[in-house]
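Okay, so here's the structure we're looking at.
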Amino acid sequence: MRILVVEDEPKAGDYLRKGLTESGFVVDLARTGPDGLQCAIADAYDLIVLDVMLPGMDGWQVVQELRKTQQTQQTPVLFLTARDDVQDRIKGLELGADDYLVKPFAFAELVARIRTLLRRGPIRESERLEIADLEIDVLKRRVTRGGVRIDLTPKEFALLHLLAKRQGEVLSRSLIASQVWDMNFDSDTNVVDVAVRRLRAKVDDAYSRKLIHTLRGMGYVLEARE
Ligand code: CA
């Protein structure tokens with residue numbers, strides 16, 4: 007399996023190349039956006055690890071070009087982002103990234119994500135999610151239930167998207183707070199309860215089949231229960 011790492015920070019790039027080589031991958035390293043793009047197009051890689059902040063051309067621009075180019079349209083891209091910002095994640099997803107890792111990360115986690123992406127093959131993270139009659143078009147940020155359009159604020163959308171991506175999984179308030187609001191664990195997670203209430207008013211209240219469920223003392227889960 008061949009991996010292209012695009013990382014401008016010399017230490018980080020060398021560390022990634024060494025570690026991934028030791029993990030059994032064949033690794034090439036590019037240190038600027040334009041070099042990364044050129045390498046990716048010139049050579050067939052199974053996966054690209056792409057830093058967001060790069061000289062010459064940032065990771066966003068690189069992934070946009072990769073998706074426009076036939077040879078690299080389907081190549082899985084794992085972004086390395088410096089901050090855990092939901093807007094960054096949505097942007098990356100819209101532009102065609104497949105996964106993200108926030109710096110600093112554990113190397114074992116990077117390898118695990120890479121292996122998951124390689125197993126999954128060239129299918130990108132779902133751009134459309136369906137739970138019962140709820141449909142989420144991630145790229146267009148369009149939500150419908152039973153074919154009826156539901157208008158959500160950006161935060162409501164981010165919250166619903168998170169719950170839907172991990173449907174069936176109970177998400178704690180602190181996890182939701184950190185993913186959607188970029189707040190730390192000590193923050194007042196009451197904001198999560200308020201947001202879930204608003205989201206429910208739009209997504210569930212008018213329907214007999216409820217999709218957002220509360221698990222007392224644990225958090226929230228989105229699932230279609232019979
Ligand atoms: Ca960088």
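Our numbering puts the last residue of the sequence shown at 232; the count rises by one with no breaks. Think of the CB as a built atom: it goes at the ideal place given N, C-alpha and C, for glycine as much as any other residue.
Exposed or buried, residue i, counting other C-beta atoms within 10 Å across all chains shown (16 or more means buried)?
| i | result |
| --- | --- |
| leucine 228 | buried |
| glutamine 185 | buried |
| threonine 75 | exposed |
| glycine 98 | buried |
| alanine 112 | exposed |
| threonine 87 | buried |
| aspartate 20 | exposed |
| lysine 155 | Reading off the sequence shown, one finds arginine at residue 155, where the question assumed lysine. Counting Cβ neighbours within 10 Å, arginine 155 comes out exposed, since fewer than 16 surround it. |
| threonine 27 | exposed |
| arginine 8 | exposed |
| proline 16 | exposed |
| valine 33 | buried |
| arginine 126 | exposed |
| aspartate 143 | exposed |
| alanine 118 | exposed |
| alanine 48 | exposed |
Could you tell me the distance, in whole angstroms, from the CA atom of residue i to the CA atom of residue j?
| i | j | result |
| --- | --- | --- |
| valine 12 | phenylalanine 163 | 31 Å |
| lysine 109 | serine 214 | 43 Å |
| aspartate 57 | alanine 212 | 44 Å |
| isoleucine 129 | alanine 18 | At isoleucine 129, the pLDDT of 49 sits below 50, so the modelled position is not reliable; the number obtained from the coordinates is stated separately. Rounded to whole angstroms, isoleucine 129 to alanine 18 spans 28 Å at the Cα level. |
| alanine 50 | aspartate 91 | 31 Å |
| threonine 78 | arginine 222 | 46 Å |
| valine 149 | alanine 36 | 39 Å |
| arginine 151 | alanine 207 | 13 Å |
| arginine 204 | glycine 42 | 43 Å |
| histidine 96 | alanine 170 | First, the residue type needs correcting, since residue 96 is isoleucine and not histidine in the sequence shown. When rounded, the distance between both Cα atoms is 14 Å. |
| aspartate 104 | serine 178 | 24 Å |
| isoleucine 182 | leucine 168 | 8 Å |
| leucine 158 | leucine 165 | 10 Å |
| glutamine 44 | glutamine 70 | 13 Å |
| alanine 138 | threonine 38 | 44 Å |
| leucine 116 | proline 160 | 29 Å |
| asparagine 196 | glutamine 93 | 21 Å |
| leucine 145 | glycine 30 | 35 Å |
Whole-angstrom Cβ separation of residue i and residue j, contact assumed at under 8 Å?
| i | j | result |
| --- | --- | --- |
| leucine 123 | leucine 84 | 6 Å |
| proline 40 | methionine 59 | Not quite, the Cβ-Cβ distance comes to about 14 Å (not below 8 Å), so this is no contact. |
| glycine 102 | arginine 73 | 4 Å |
| lysine 226 | valine 202 | Lysine is not the amino acid found at residue 226; the sequence shown has tyrosine there. Rounded, the Cβ-Cβ distance is 6 Å, consistent with contact. |
Can you check whether the C-beta of residue i is within less than 8 Å of a C-beta belonging to chain B?
| i | result |
| --- | --- |
| serine 214 | No chain B appears in this structure, which consists of one protein chain only. |
- Give every residue whose Cβ lies closer than 5 Å to any heavy atom of ligand 1, listed in chain order. Checking every Cβ against the heavy atoms of ligand 1 under 5 Å gives Asp14, Asp57, Met59.
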